[in-house]
Structure formats: structure tokens, C-alpha cells
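Here's the structure we're looking at; comments come further down.
Numbering (this note's numbering), first residue to last: 117 to 1025.
Right, here's the structure in full:
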């Protein structure tokens, strides 16, 4: 025995644990503990429990003093910790087993009803709770299995809901197609009843659709009364929302035209009040209000209401509107604007009037210059400044007027204000110092001056907002807040100061809420922009625009952009698109969007923008939220332009795509007119190309093709080609597939009908055999059976023809019981004929005699009689053969009255 073995045996005897054994077990236990912890961290708790149990099994569960001491020396608290972890893991495994058992019990309650999803959803939720605790492949597979089943049921429910919506709105053909798609997932009795109910309405719907198309044609031709009469008649038998809306539109248009005509009559009679009322009513009723607005402007001009005329003419295109605007401006002595309006006119006789306007404008300019000169001489500085400013605004920049304003009038005004110790001047001076030398001191002085000015003049709140917001962005750098004596060694609470300042600004802004709502909204817009920016810049500020080491907020940036152009330092990361965008002229609209105030954002959109990438992003960001808002309001036409602008950003965002998809789905439910459905579906598809969009567009395109085929605007072949193109949009659309199958069926049917008309029966049968449509095979089989029966009854067909027709019918429909019966019948005749061809007439007669079909006996007997009669007539049969034929006929039909005379003459009876 080695020394180590001896030592191990000794310590085992004395201490209760072999020191060598313990020393060897330590690294194995540490390794097992680490491995178990790693497995537990990765949620492999069952495996972790097994390893921990095995590791702890190597040590005593109730160690003595010395064993415990040795374990402490070698492992520290590892065994205690592992024991506690093992308890925790065992508890978690038991919890999972309990949850899994609950889920399994819950699943037993599921009856397989596709209309029930709650049980599956609850069970899946329980299983998912298990996966959050531990990893189990079996549970993952169960979750996947039931998630697929749940998705299938949800898809089924969505289809049924969609089909029910179609049926409720009386779009029965669409409802049937969607019901059938749902039926592919689950076939239920309720679906069968729903399909049957919708099928019963299809004929009425098709009659209505044809009438609706004629109404639209009449509308496009301007035949409104005829269209209304036709539509009313159609709605009497089949009332549907698209027809009701179209009827309302047609009636409004007709009424609008009558109001417009009456307005013309009243205007000619000089009754301008009545004419205005009639034109206004017509404007509300007619789809195109341009003519009404021009007539309203003319009436206003005739009554010298120039401002009213300009209101009516606003944004109206065309030379007539431009001429009338120019005339109204000229009457208001706004000659510069009048000249600009007329400058675009091409009418030859307008040139002389433009020249008169130009001369009058020059005279006005001279008189205003003289007035400014008189005011300066009289030292009336306020009015001189006002006149000078108005002159520049009206006539454009003039160096003499500008120099006089800045070097004489303005300095004299400033001197007067300083003498009066006016806060406004102090603010102006502080602002100038800030602009010329932006640093933390000039910023502080400017902000403080704005605050005191706002106490006496609240109308100056805009500058207070941007100055204090910029000061807050740099608050930690303000020297006035460093080493504050009364704080002793305590640090300044910048957060508390910031909140206090923000509260004060908000309180000042709120004073406008009840007195000047427009100003309140404007101030709130800017303050919202500044607050959002401060949050994104960080506290203290880390990102943003800087001017000479001073962070500038977007409001301040935009306000002083002309003065500091090119001096800014952009400290914003490329991925901080939102913060970057707030510094553009889209900032106000962006901020409104970020707070969900979409309607205000639309109002705040800038009229112009630069070509930078960040401005382009901001424009698309606002455009998306504008489109989103319009879709929320179910005004999809207004959403087209903004969403098209935002398309690149929408395609880059799954969340945006899902939201637009959801809103488009809701919008679709509000549309009733077919043409609007088409236009909206195309817009949705072009924008997203999602599964719902593809299905929607394909469905209505297919319906359009169906109507065009029904109205003979498209041939079947052309319609089929167009439908095949639709499969590129949605190759699984049930409406498209159904219509393709119908057209292919119709084409095949027409081809077969032509073959039958040309007596090409065999070719028709072969064509039907190759058809994918069972109905084609059924139809041709029915035709074969019908010809066989009629031919048999009229005795127009021979044995071969009867057999061939029966064989063809059986080839086409071998599983049809009636066809099987006809085939057996024809086969029996064929067998009888084959016996007779082999001179086995007695066997043939015996076969016919004991046939279950009496008609076969009659047919064969009649064959014998006809052969007998022809033999007598042609004298080509011996008397013995004639007598034999008669006996065979008698054996088959002894009581047939038509044959009695022949039987008697042959002395057979």
C-alpha cells in the first residue's frame, strides 16, 4: 500500500472521510457545478438537476464535523450553494411538469371545432410559460403543432368573417369564393348552408351587376335621369350599398346642375343674393365645383365684394380665374399683385391694362417715398419705420430706404427706448450680443432678459421658449450655477432646476389657452419640439447641434439659421435620425407626430424643404403619419400622396407595414362602390404588396374581368389571359381560380358543342375525357345517354350505335350509377349482337328472353320482325328463314299487338 493510500485509509478511519478521495473529488465537483450552472443558465434544467445530483452523491448528505471542515477547506461554500441551486432547479422542473399537465388536461377539452380557438390559445400560453422556465424539445414540438392548428383555425375564422361580410353586403359571388377557400381548411355543415344560401342569390346578383354597369355607362355619357331610373329599378329587386350610394350621388349631381342653371338665371336677372345662394348650393352638390366658384367670384365682383371674390378664386387654375383675381387686386389698389396675376395671361388685349397697372404702381411708389421723407423731417420715427418697412415689403428692397431705416430711423428709435429704460430694448441688445458672440454668458443674459420681458409682455414667449430651452441644454456649463455660496459643499440639483423652469414656461403658455387659442397652439408646438429635443439630446446634453461649444435646440437653430449658416457643428450620430430631423424645418411636424398629434402635424408641414437626406427622411416620416391619420379617418384618397412619399421608409419598417395593412383592411370594409374598391385595391397593392393587398386586388380585378366578359367587352380567351396575369399577383386567390376554371369550362364546353354540332362525336368524347373539369365529362356523358335513350326509343340506332354511346358515357363517368346501368344495358345488346354475328341465334334469343330489361326483348324482337319484313319485300329470304325469324320474335314478344298479324300469317300462334 502506498503512502497516499495509507493516509487516505487513516483519515477515513479517524475523520470519517478519506482526505485523498476528497482531494480527487474536488475538481470533478467543481467542474460538475460549473456545467450544471451553465446548463441551468441556458434553461436545460433537467440536465442540470441530473449533473448536480450526481456531483452531490459523491459527498455525504450529513457530514460529520471533520468531513464538513475538510469540505469547507477544499470547496468553500460550493456544496451548500449547489445544494440550494439543486432545490431551486427541482422546484422549477416540478412547476413545469405541473403546468404541462394542466395544458394537457386543457387540450382534452378541445372538440376540434374550427370556430373554437380559446382552448388552444390558453394551452399554448401555458406551454409557453414552461419554455420560459426550461428548454424542452418535446414541449417546443407540441407548441409548434398547436400553434399551426391555431393559425389554421384563425385563418378559417378570418375567411368565414370575410365571407359573411360579403354576404351581408350582398356580394354573394365573392362570399361563395371565400367560403370555398375556408372549406379547404375545414368543411362544416354551417359552411355548406351558407354556400347554398349564397348560391340561391347569385342569379339576382348577376342581373343587378349587369344593370349597375349600364347605369355607370349612362352616367359617363351624362344621361343622369336615365341612369337614375335604371338604378332605381335595379335596386327595387336587389338593394345593395354600392347602388344606393351611386343613386345618392346621381341625384345630388342632377340637383346640383339644376341649382347651377337657376343661379345663372338669377344672375342674369340681377338677383345676386339668390344667385350666390344657388351657386353655393350647386358647389356642395356637384363633383367639380370650379365653375360654381368662378360664378360666385363674378357675382362678388359685380357687387364690388373684392375680398370675397378673391376667396372664391383661391387656387382656381386657368386664365379666367387669373384675370378675375388680377381685377379684384387692382380694385383693392394692390397693384403689384394684380400685375403679377396678369403677367401670366396670353390674351392680346390685356397688355394695355398691364401697362396702366405698372404706371399706377410707380406713382404709388413715389408717393410712399415722399411720405417717408416727410415723417423723418417731422421726427415721427415710429411711423417712419413702419412706412419704410411697408415700402420694402410692397415694392421690394431699395438701398436708399434700407440705409435710411438702419442708419437714421432705427438708431433714433433705440436711443428713445434706452432713455425710457424699456425691457424690450434690453432683450434686443442681449439678443444681438448672443448672435454676435454665442457663449454661455450671453446665452444666460439673453434667457434672463427674455424671462423678465415675458412678465410684462407675454407676447414675447416664443423667444423665451427657445432661449430657456437652449439654456437648459447647457445648464451644467452655466457658471452662475457653479460654486453657489449658500449650497456650501452640496452640488446643484440640475434636474430640479430644469423641471422648475419647464413648469414655469408651461404655465406661461397655458395663459393663452382661453384668450388666444391660435397663439397657444403655436407656442405649444414650439415648446413640444424643444422638450422632445432636450430628451433626445440627453441630460446633460451629449448630442445635438453646436455653435461655438454651445448646444443649440432645434427651435433656436431654425430661428438663427440665417445668421449662423455654416457655423454649426453637428454632434449627432448618423443613426439618430429622429433628433437629426428635428433640426430641419420639418421639426414642428415631426414633434407633433411623435406625440400622436397627427392632425396638427399635417397643418405644420413646411411648404418648402431642402434636398438633404435627413430632410427627405423627415418628410417621409411626417408623410407616413399623415397617411396613417387619413386612413384612421377612413379617407384613403387623402392618404395616397403622403403614403407614396413615405413608401421607402414603410418598406423598411415591419411595424409601419403592419399598421398600414391593418388600417387598409378596416378601410376596405367601408367602401361600397366597385370602382372605388378597384382603385383602393391597386393603391394598397402598389404601396405594400402584402398578402391581403394581393388577394384584395386580384379579387376585384377578377370581378372586373368577369363583368367585361359578361358585357361582351372581352372575349373568353382575352379574359383568360388577363386572369392568368392576375395569378402573378395572387396565385392562390379563390375568386381568380374559380373564374379561370369557369372560363376554361366555358371554352371547353363551346368546343365540344361545336364538335357535336358537326357530328364529330368521337372527337367530342375524347376532348371531354382529357378535360380537368368533371362537369364537362358529366355533360358529354349525359348527351350520350340522352341520344342513346331517344335513339333506342325511336329505333333510330343500331346495335353498334347503342353500344358505342353507352361505352362513351361509361368512359366519361364510370362511377355514375345511372351511367353504369345504361352501360350494362348497351353491353347486353352488344353481347346479343355478337351471338347473332356468330350464327348463335338461339343463344341470342335466350339471352334476350331472360334479360331483366323488357325493352331489350322488344328491341331484339323488332329487329327480327324488321329483318323478316325486309326479306319478304326484297324476296331474298327463304320461307323457312322467314318463319324462323317470326318464331324467334314470338318467343320474345308473344303478346305484342303490332306483331299479331305477322304471327297469324306465318301460322305461328
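In this text, a Cβ means the ideal position worked out from N, Cα and C, and glycines have one as well.
Remember, it's a predicted structure, so these values are computed and weren't measured experimentally.
Quick one: residues in its chain with C-beta nearer than 6 Å to the C-beta of residue 601, no 5 flanking neighbours on either side, listed in chain order?
Here the model assigns residue 601 a pLDDT of 39, short of 50, so the residue's position is not dependable, and the following value carries that caveat. Cβ neighbours of residue 601 beyond the five flanking positions: none.
Residue 667 - containing beta strand (DSSP E), residue span:
666-668
Length-filtered (3 minimum) beta strand (DSSP E) runs lying within the segment 892-964
none
Report the three-state DSSP secondary structure of residue 662 (helix, strand or coil).
strand
Would you check if the segment 321-330 and the segment 848-861 touch, i.e. whether three or more CB-CB distances between them fall below 8 Å?
no
Assigned secondary structure, residue 252 (DSSP; H/G/I helix, E/B strand, else coil):
coil
Please report the residue range of the alpha helix (DSSP H) in which residue 748 lies.
729-748
Secondary structure, alpha helix (DSSP H): runs of 4+ residues fully inside the segment 224-297
234-249 and 253-284
What do you reckon, are the CB atoms on residue 164 and residue 205 nearer than 8 Å?
yes
Sorted by chain position, which residues of the same chain lie with C-beta nearer than 7 Å to residue 722's C-beta, five sequence neighbours on each side aside?
701 and 702
Residue closest to residue 410, alpha-carbon to alpha-carbon, out of 387, 385, 386 and 376
376
By DSSP, does residue 1018 sit in helix, in strand, or in coil?
helix
According to DSSP, is residue 996 helix, strand or coil?
helix
To the nearest angstrom, how far is the alpha carbon of residue 786 from that of residue 750?
8 Å
With a 10 Å radius around its C-beta and 16 neighbouring C-beta atoms as the bar for buried, classify residue 603 as buried or exposed.
Note on residue 603: pLDDT 37, under 50, position unreliable in the model; the coordinate value appears next. Counting Cβ neighbours within 10 Å, residue 603 comes out exposed, since fewer than 16 surround it.
With C-beta atoms as the reference, is residue 938 less than 8 Å away from residue 904?
yes
Excluding the five sequence neighbours on either side, which residues of its own chain have a C-beta within less than 8 Å of the C-beta of residue 285, listed in chain order?
356, 357 and 788
If you count every other CB in all the chains shown that lies within 10 Å of the CB of residue 834, and 16 or more means buried, which is it?
exposed
Below 8 Å on the Cβ atoms is my guess for residue 322 versus residue 366; work out the distance and round it to an integer in Å.
So it is not a contact: roughly 22 Å between Cβ atoms.
Please name the residue, chosen from 970, 996, 394 and 867, that lies closest to residue 1012 on a Cα-to-Cα basis.
970
Bridge partners for residue 686 per DSSP, in chain order?
661
Which runs of the alpha helix (DSSP H) at least 4 residues long sit entirely within the segment 757-786? Give them in chain order.
763-767 and 770-786
Do you know whose CA, among 696, 710 and 941, lies nearest residue 975's CA?
941
With a CB to CB cut of under 6 Å and the five nearest residues on each side skipped, what residues in its chain are close to residue 824?
830
Pick helix, strand or coil for residue 876, following the three-state DSSP scheme.
coil
Can at least three beta-carbon pairs, one atom from the segment 622-641 and one from the segment 660-670, be found at a separation below 8 Å?
no
What is the rounded straight-line gap between the Cα of residue 1015 and the Cα of residue 881?
38 Å
Counting only the same chain and skipping the five closest in sequence on each side, list residues whose C-beta sits under 6 Å from that of residue 1022.
999 and 1002
Measure the C-alpha to C-alpha separation of residue 678 and residue 733 and round it to an integer number of angstroms.
23 Å
When you compare each of 872, 909 and 906 to residue 895 by their alpha carbons, which one comes out closest?
872
Looking at the secondary structure, which residues open and close the alpha helix (DSSP H) in which residue 726 lies?
Neither: residue 726 is in no alpha helix (DSSP H) and is coded neither H nor E.
From residue 791 to residue 815, what distance separates their C-alpha atoms?
13 Å
Quick check: residue 215 and residue 145, are their CB atoms within less than 8 Å of each other?
no
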